[in-house]
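Worksheet: the structure to be examined is printed underneath.
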Amino acid sequence: MNFDPRYSGRNFSSVGTRPIRPDGIDKVTGRARYGADFNMAGQLVGRILRSPHAHAVIKKIDTSKAEKLAGVKAVITAKDLPDLTDGDAAMYDILDNSMARTKALYDGHAVAAVAAIDARIARQALKLIEVDYEVLPHITDVDEAAQHHAPLINDQIFTEGLEEKPAKPSNVTKRTQFGHGDVHKGFAQADFIVERSFKTEQTHQGYIEPHACVASVNPDGTADLWVCTQGHFVYRQHCAQLLGLEASKLRVTSSEIGGGFGGKTHVWAEPVALALSRKAGRPVKLVMTRDEVFRASGPTSATSIDVKIGARKDGTITAAEATLRYSCGPYAGSWAEIGAMTAFACYNLENVKTVGYEVLVNRPKTAAYRAPSAPMAAFAVESAVDELAHELGMNAVDFRIKNAAQEGTRASYGPVYGPIGIGPTLEAVKNHPHMKAPLKANQGRGMACGFWFNFGGQTCTDLNIGMDGSVSLAVGTVDVGGSRASLSLVAAEELGIDYSQVKAIVADTSSLGYNDMTDGSRGTFSSSMATISAARNAIKILRDRAAQMWDIPVDDVVWEKGHAIAKGEKYGNLSPLSLKDIAAKSGTTGGPIAGHSELVADGAGVSFATHICDIEVDPETGATRVIRYTVVQDAGKAVHPTYVEGQYQGGAAQGIGWALNEEYIYGKDGRLQNAGFLDYRIPVCSDLPMIDTQILEIPNPNHPYGVRGVGETSIVPPLAAIANAVSNAVGVRMTHIPMSPPRILAALDAEREG
Amino acid sequence: MAGVAVSTTINGDAVEYLCQPDETLLEVLRDRLGLTGAKEGCGTGDCGACSVIVDGRLVCSCLVLGAEAEGRKVETIEGMAHGDQLHPLQQKFLEHAALQCGICTPGFLIAAKDLLEKNPSPTEEEIRFGLAGNLCRCTGYDKIVRAVQDAAEVMKGA
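Protein sequence lines, in the order shown, are assigned to chains L and R. Just so you know, numbering that gives the first Met the number 0 puts the end of the first sequence at 753, numbered straight through with nothing missing. Just so you know, numbering that gives the first Met the number 0 puts the end of the second sequence at 157, numbered straight through with nothing missing.
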């Protein structure tokens, strides 16, 4: 019988409760092992030498002095990572980003690495490596990089997606377009049109744990990699391909992960650590410093976005258009494309067009950051929507409700929506006490909506029942925020047993089939689907064993509330057998009892949220304070509501930092000037109020329990909600994120000067 | 380079070690003593993930030299529970789900312990400023503040 993933309404016993997570005690006692907390016998310390230049040809690297230093066991350059990518351009970019091959493409780009017996010697060795650079003109601004006269980062790139192949190379790698209808016709029908340009600066995911791994390559071609990652199976594939290893011989174990938010979906220094280990013949531990994390891993795109929206007097939007330019770092990406898909996803539009341009700059490779690309597009669109509502004389919430997408709406990026939560989140916000609370002088209130696709993907799960009746659940999706608790709840629910009987773990790449990584808010969505499937397979075996114990046909045995029950009057004298009873006898009824599941979790339900915030602005200094913040989001079904709230609150807090403080600041020399938590300031406890949450549950029809992903959408509305609040507080439309005090003062000055 | 001989007390136990003059207390704890509960998030005293208490004072162990622990009393996360009895803060962090990834949790617990020892009845604002030296990127701090408030109530009643 094939697994049926469709939603069926049911009364839950475990799902929806809030037990303590299975990995909790280890994490409050300091015992949990993260990337840097693991060691191997004979381990060396790896360190990476990084380019101080934003753009430079690497003419020569002399490693001879470093190699001669006592205690140095290996020095590598790109020569030690030969190109095995066989024409796969995306893999070549990953290889080049791990270790620059011919050119350094950003400040912080790896150019060489050493492995030594301790950190002190490794640092000394880096100083002995001589690199001869020919410095080239560089470009770090997304708009300037898109100009024809900008310094070229890669002269082999010609803009894709144009009607004719361009004659000259460009930093614009790709143009994409989405939409339907006729925007020219739609704007002609509009009584009011708002047209504005917006910018957002580059931010970092800011996970507190720097990238860390321990790599060990053996002479027989087997290898181990212990690493903090959101996707150990993907890391295995990438590293095996780049190193020329057989994937099955490389075992990757995901450590506890100290935050990722998308930044640990990409390999960075792991291929380097493996190459060092291979050359040295010993295990190598490689841990990035915070400076390296900022300079050489993970930032999101900087963007420049033009938006135009028109509406009739009655509040109906007649046309919407956006042009989005997103920085990709020095390698081709699809970041603007995602922005162009998400920009107007909240609305039911007859005429809509979005165009995305991917732009190369001399900055670190853009990486996913929680609902990647969506927050910036939402900032631009939701700011313009607010302004248009104001021009129409309509309440901002009512205007959105009138134009909100609903079941059956054709999304601006193509598909037709099933049951969705945008309307319900807006209604909940309209009726929320927060919207009616009084504001004081210099305070403003803003609200905004956000959308994220959510992903499903390949998933493999094992559920093993011990002879004592306890259940081990082995999943392949890394737990980034409590998913072992939610997946244990799901296993308990489906088997009909108590949560305390289940323990979920994250299995390594040799113990379980392939799993896509924990991204796209897929961890709980897809692994819970696989867990339900595995549990149903185990129940089949449990029923079969009970039938054997009773010596009756298995078709007469049903599974209810954790027990096998013999159905029918003739079995009136047979007492139900609990899972424990059946497990205890498993040794004599056919051996171990387990359920396995491998599936592609299709049908991740799209996710919507609406946020409200109150901001106070000091008109003298431009300083801001978040007074109150409320998140309303559809979870489909909240498996562990406390961790769902945690996702809502955490995403909101990251969005607040992005909106008000955080940005990469580059000097004219192309060097990053604030590569540390002192100068790249993420929100601290005293910056924030409590963050109120309201969970809505509009079941996803494509999941047995109605679950939707919840992790990412919460970072989509804050930029816009806060910009709308600041704009309402100061009476000037804010168009540049982050709204740092100097930027707010400049906007106020510009308004005064007219 | 000759090592410095250090005699100190860590979580109530007498401990002796040799360390380099430029080695931080965090490096000593993690790499020499196997006490990996304190984490290095930045190495510059900005994130608080390496928080420990030295002679009653909350410090970032990445900004203290290993040699400076000579003759002092060091408290780390590994010493916070008494046997199998969790400290009320540890218990409340679990109950309130005040951790997601958990990398900042040891630092927060140590900082919160220090805060409550000095101010057993802090206001929300005092908690927020008291913990402002510790970065958390997952939770938005809401559940951390609530856990500390709840633990303070429990500890007052104890």
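All C-beta atoms, glycine included, are put in the ideal place defined by N, C-alpha and C. Owing to the predicted nature of the structure, the values given are computational and were not obtained by experimental measurement.
Check	Outcome
Meets three-Cβ-pair contact criterion under 8 Å: the segment 347-354 of chain L and the segment 176-186 of chain L	yes
8 Å Cβ cutoff met for residue 86 (chain R) and residue 149 (chain R)	no
For residue 273 (chain L) and residue 214 (chain L), believed in contact at Cβ under 8 Å, the rounded distance	4 Å
Validate contact between the segment 613-626 of chain L and the segment 479-495 of chain L using beta carbons, cut 8 Å, 3 pairs	no
Expected contact under 8 Å - CB spacing of residue 747 (chain L) and residue 618 (chain L) to nearest Å	7 Å
Reduced DSSP secondary structure (H/G/I, E/B, other) of residue 87 (chain L)	coil
Closer than 8 Å to chain B by CB, residue 137 (chain R)	Here chain B cannot be found, since the structure's protein chains are L and R.
Among L:688, L:689, L:691, L:708, the one whose alpha carbon lies nearest that of residue 697 (chain L)	L:708
Chain-ordered chain L contacts of residue 144 (chain R) [CB-CB under 8 Å]	684, 689
Selection of the segment 178-210 of chain L by Cβ proximity to chain R, strictly under 8 Å	204, 205, 206, 207, 208, 209
Burial state of residue 63 (chain L), where buried means 16 or more other Cβ atoms lie within 10 Å	exposed
At least three beta-carbon pairs within less than 8 Å, the segment 588-601 of chain L to the segment 519-532 of chain L	yes
Which listed residue (L:245, L:276, L:308) has its alpha carbon closest to that of residue 216 (chain L)	L:276
Assigned exposure category for residue 718 (chain L) - 16 Cβ within 10 Å defines buried	buried
Supposed close pair residue 49 (chain R), residue 106 (chain R) - CB separation, criterion 8 Å	6 Å
Buried versus exposed call for residue 148 (chain L) [16 or more other C-beta atoms within 10 Å across all chains shown]	exposed
Residues from the segment 277-303 of chain L in contact with chain R, defined by Cβ distance under 7 Å	288, 289
Pairwise C-alpha distance: residue 50 (chain L) and residue 66 (chain L)	19 Å
Per-residue contacts from residue 99 (chain R) into chain L (C-beta, under 9 Å)	258, 479, 480, 481, 642, 645, 646, 649
For residue 0 (chain L), three-class secondary structure by DSSP	Residue placement at residue 0 (chain L) is flagged as unreliable, the pLDDT there being 48, under the threshold of 50; a coordinate-derived value is accordingly withheld.
Neighbour list for residue 255 (chain L) in chain R, Cβ cutoff strictly below 9 Å	100, 101, 102
Between the CA atoms of residue 662 (chain L) and residue 680 (chain L) - distance to the nearest angstrom	9 Å
Cα-Cα separation between residue 99 (chain R) and residue 168 (chain L), rounded to whole angstroms	45 Å
Under the three-state DSSP convention, the category residue 16 (chain R) falls into	strand
Contacts that residue 96 (chain R) makes with chain L (C-beta to C-beta distance below 9 Å)	17, 19, 20, 23, 481, 484, 639, 641, 642, 644, 645
Inter-residue spacing [alpha-carbon to alpha-carbon] between residue 311 (chain L) and residue 390 (chain L)	11 Å
Burial state of residue 13 (chain L), where buried means 16 or more other Cβ atoms lie within 10 Å	buried
Cβ contact check for the segment 247-262 of chain L and the segment 504-523 of chain L: 3 or more pairs under 8 Å	yes
Helix, strand or coil at residue 351 (chain L) [DSSP, three-state]	strand
Chain-ordered neighbours of residue 7 (chain R) on chain L, where CB pairs are closer than 7 Å	Per Cβ cutoff of 7 Å: no residues; residue 7 (chain R) is ~18 Å from chain L at best.
Endpoints, the beta strand (DSSP E) within which residue 448 (chain L) is located	442-451
Neighbourhood of residue 160 (chain L) by C-beta, 8 Å cutoff - its chain only, sequence neighbours within 5 removed	173, 174, 175, 176
Residue 654 (chain L) versus residue 61 (chain L): straight-line alpha-carbon distance, rounded	44 Å
CB of residue 365 (chain L) within 8 Å of CB of residue 326 (chain L), strictly	yes
Nearest to residue 447 (chain L) (by Cα), restricted to the options L:181, L:694, L:33, L:632	L:632
Chain-order list of residues whose beta-carbon lies under 6 Å from that of residue 668 (chain L) (same chain, five-residue window excluded)	none
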